[in-house]
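Asks:
Residue numbers (this note's numbering), protein chains in the order written: chain E, 13 to 174; chain R, 23 to 541.
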């Protein structure tokens, strides 16, 4: 190992471990699903139990191949402070994270504010973050789009709105 | 003889469905849906599944016939719309048009962009029409076989569906495709199961008792995750050359007929394979065309034949994907999964019993596909130039507007804000899986087929009183088992080979880096 990060093996190693744990949890949950004292054959837990086993098996296969490709070392390297700092400061990751947070904020806002205003707010902030247009155009287009969507779906197509 | 009668009857039903659909409402919806589909398809990065995810909410309040007309027109429009960006800017509008770039863009550079778009649109029309004909004549025969399916066969069919989908959609690493497919099965276990109505994995959420609603999950996986993935990338592009003349002379098409037929067959076959999708059909057809054509050496340099191979096949997948969807309730492609979710919402349950429960549904789908492909042809040829102008609008302006539409789509089906949160959760899951090179189609297929697999498996065991041997004596089941075993065997070999190649490449990279350090 030279400490270089190869795409995939570290991520595969970590996801394999997650899959094994998930499979075990799934199987345990499945074992608690028996009803009416029926046999395991028709029990609601039978299929999830098998699925739990399949998750563990697939997880082990992925784990083995990732380990053979130096996945363990890669995983430690990927999760190291230096690499994590570099990862989160990369413009691509930062952009993805901010966009995701904006979507989360919008989805939460839709539950509390009128759809029209939540949408207009979300669009203004997103346009500005993406530097799509100048401020006044962003506000104008966001308001127009939010109004058009609300009017079209609620009034024209009579779709229930949040 | 009996089969011929059946086919003639089917064709007559499609004809009467077609005549019955010629009213202003349906024609308006078809032309409107086709235009919207073409527009979404033309925007680089947005797929046909995304187009359906965004526009499915409009169909909630429609009557079944209108909803089918609208959604199928969107589907055809979006699959075909991808070629505009592929030809003019060398970036496929949809993944299904990726192979179109190889010959379309060189043609645009030669100043034949318009002719390339025209040829592509006509090829798309031919591909769709060909696949509809195959669908009309093949579906009644598959219904007959499907009616012989018992619980055991249905379970094996579901298993086969996610295994083949995982194998094909994951490229060189089928293991990842299988993992995602089984995760879809796992997600489908949430909610009350169908035999005892026993709530499973609901974690105390009342809203989860009905299971994970399909439409919010699909919108999340394909809509939200796509939005994040597309906007994260900085892709600079410029429109190459002028569009120029669009409609190609008819004599250009005559030498392309054999390639078109071959590509149509490939597209239909790939479409009929669960979850395979338009992009696989297009690439496979292009590859076969390149090897079989006398002018194969010209592929990639601006060959109309290469363009036709890609465009006929990706559109032929549409009709092909409808065959397993209508006869077995197994969607052949991700957009058809979206369509399945929409018709479920309207109370139609595709599958072996469809012909008894909704006798006119298959002819209705065929008629709407024919009208939808006609609308696509009209719009595609007349709006080629304005469609290229759409490519000039910045993605940073268009894409944020997608999110409010996904929220409406997720909310309007069940009128619950919980479904919007669920859509977001699936969107994040889809985004993470995308980043780790996991395919998304098997997840959706697993979610759709999970309840069928679970219920059929337990009922089959119940019928055989727990004995597995009697189940293994059933011929259709044996064929399906053989297929699954073959998929596991070849998939495992491919995965092993892929990881071995990757390990060698990593070692070579390390050695090169070490040598550079020493210097």
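Glycine is no exception: its CB is placed at the ideal position from the N, C-alpha and C atoms.
Along the chain, where does the alpha helix (DSSP H) that runs through residue 88/R open and close?
Replies: Residues 86 to 111.
Asks: Tell me the DSSP secondary structure of residue 13/E in three-state form.
Replies: With a pLDDT of 44 at residue 13/E, under the threshold of 50, the modelled position of that residue is not reliable, and no figure is offered here.
Asks: With residue 398/R as the anchor, note down where its alpha helix (DSSP H) starts and where it stops.
Replies: Run containing residue 398/R: 383 to 404, per the alpha helix (DSSP H) assignment.
Asks: Measuring only the C-alpha atoms, how far is residue 13/E from residue 286/R?
Replies: Residue placement at residue 13/E is flagged as unreliable, the pLDDT there being 44, under the threshold of 50; the coordinate-derived value follows with that caveat. When rounded, the distance between both Cα atoms is 49 Å.
Asks: Name the chain R residues whose beta carbon is nearer than 7 Å to that of residue 170/E?
Replies: Here the neighbours are 83.
Asks: Roughly how many whole angstroms lie between the Cα atoms of residue 270/R and residue 132/R?
Replies: When rounded, the distance between both Cα atoms is 15 Å.
Asks: Between residue 254/R and chain E, is the shortest Cβ-Cβ distance under 8 Å, so that the two count as touching?
Replies: True, the Cβ-Cβ gap to chain E drops below 8 Å.
Asks: Look at residue 135/R and residue 265/R and say whether their C-beta atoms are less than 8 Å apart.
Replies: Closer than 8 Å, so yes.
Asks: So that I know if they touch, is there some Cβ in chain E lying closer than 8 Å to that of residue 220/R?
Replies: It does: the Cβ of residue 220/R has a partner Cβ on chain E nearer than 8 Å.
Asks: At a Cβ threshold of 8 Å, is residue 30/E touching chain R?
Replies: By this cut-off, residue 30/E is not an interface position.
Asks: Taking 8 Å as the threshold (beta carbon to beta carbon), is residue 36/E in contact with chain R?
Replies: Not closer than 8 Å to any Cβ of chain R, the Cβ of residue 36/E fails to qualify, so no.
Asks: I need the DSSP call for residue 213/R, collapsed to helix, strand or coil.
Replies: Three-state DSSP puts residue 213/R in a strand.
Asks: Assess, as a yes-or-no matter, whether the stretch 153 to 166 of chain R is touched by the stretch 471 to 487 of chain R under the definition of 3 or more beta carbon pairs within less than 8 Å.
Replies: Judged by Cβ distances under 8 Å, the stretch 471 to 487 of chain R makes no contact with the stretch 153 to 166 of chain R, as fewer than three pairs qualify.
Asks: Mind checking if residue 207/R is an interface residue toward chain E, Cβ cutoff 8 Å exclusive?
Replies: Yes, because at least one Cβ of chain E sits closer than 8 Å to the Cβ of residue 207/R.
Asks: Should residue 161/R be labelled buried (16 or more other beta-carbon atoms within 10 Å of its own) or exposed?
Replies: Per the 10 Å Cβ criterion, buried.
Asks: Do residue 213/R and residue 234/R count as a contact pair if the criterion is CB distance below 8 Å?
Replies: Cβ distance < 8 Å, so residue 234/R and residue 213/R count as in contact.
Asks: Going by the beta-carbon positions, is the gap between residue 296/R and residue 164/R smaller than 8 Å?
Replies: Going by C-beta atoms, residue 296/R is not nearer than 8 Å to residue 164/R.
Asks: Just tell me which of 337/R, 348/R, 524/R and 450/R has its CA closest to the CA of residue 248/R.
Replies: Minimum Cα distance to residue 248/R is reached at 450/R.
Asks: Identify, in the order they occur along the chain, each residue of the same chain with its Cβ nearer than 7 Å to the Cβ of residue 229/R, setting aside the five sequence neighbours on each side.
Replies: Contacts found: 438 and 440.
Asks: Assuming residue 384/R and residue 376/R form a contact by the criterion Cβ under 8 Å, report the distance between their Cβ atoms to the nearest whole angstrom.
Replies: That pair is a contact at about 7 Å.
Asks: Mark residue 35/E as exposed unless 16 or more other C-beta atoms lie within 10 angstroms of its C-beta, in which case mark it buried.
Replies: Buried, by the Cβ-count rule.
Asks: Distance, Cα to Cα, residue 57/R vs residue 131/E?
Replies: Approximately 25 Å between the Cα atoms of the pair.
Asks: Using a Cβ-Cβ cut-off of 6 Å (strictly less than) and excluding sequence neighbours within five positions of residue 99/R, which residues of its own chain qualify?
Replies: Same-chain partners within the cutoff: 56, 59, 60 and 398.
Asks: Closest Cβ-Cβ distance between residue 25/E and chain R: below 8 Å?
Replies: No, residue 25/E does not count as interfacial toward chain R.
Asks: Based on Cα-Cα distance, which residue from 342/R, 203/R and 381/R lies nearest to residue 32/R?
Replies: The shortest C-alpha separation from residue 32/R is found at 381/R.
Asks: Can you find the residues in the same chain that come closer than 6 Å, C-beta to C-beta, to residue 432/R, ignoring five residues on each side of it along the sequence?
Replies: Counting only Cβ-Cβ distances below 6 Å, and skipping sequence neighbours, we find 238, 241, 441, 442 and 445.
Asks: If residue 90/R sits next to residue 70/R, beta carbons under 8 Å apart, how far is it from one beta carbon to the other, in whole angstroms?
Replies: In fact, because the Cβ distance is near 16 Å, the residues do not count as touching under 8 Å.
Asks: On a Cα-Cα basis, can you pick out the residue from 191/R, 72/R, 116/R and 26/R that is closest to residue 66/R?
Replies: Checked all of 191/R, 72/R, 116/R and 26/R; the closest Cα to residue 66/R is 116/R.
Asks: Does the ligand NAD have a heavy atom nearer than 7 Å to the CB of residue 35/E?
Replies: Judged by which ligands are present, the structure shown has none, so any question about the ligand NAD falls away.
Asks: Hey, out of 175/R, 210/R, 218/R and 140/R, whose CA is closest to residue 468/R's CA?
Replies: Of the listed residues, the one whose Cα sits closest to residue 468/R is 210/R.
Asks: Alpha helix (DSSP H) containing residue 328/R: first to last residue?
Replies: Its alpha helix (DSSP H) spans residues 326 to 350.
Asks: With a CB to CB cut of under 6 Å and the five nearest residues on each side skipped, what residues in its chain are close to residue 175/R?
Replies: Within the same chain, residue 175/R has close Cβ partners 498 and 499.
Asks: Of all the residues that make up the stretch 91 to 121 of chain E, which are near chain R by a beta-carbon distance shorter than 7 Å?
Replies: Listed by position along the chain: 104, 107, 108, 111, 112, 115, 116, 118 and 119.
Asks: Given a limit of 7 Å on CB to CB distance, which residues of the stretch 42 to 60 of chain R reach chain E?
Replies: From the stretch 42 to 60 of chain R, no residue has a Cβ closer than 7 Å to chain E.
Asks: Helix, strand or coil, according to DSSP, for residue 461/R in the structure here?
Replies: Note: residue 461/R maps to coil in three-state DSSP.
Asks: Which residues in the same chain have their Cβ closer than 6 Å to the Cβ of residue 86/R, if we skip the five residues on either side of it in sequence?
Replies: Cβ within range, chain order: 368.
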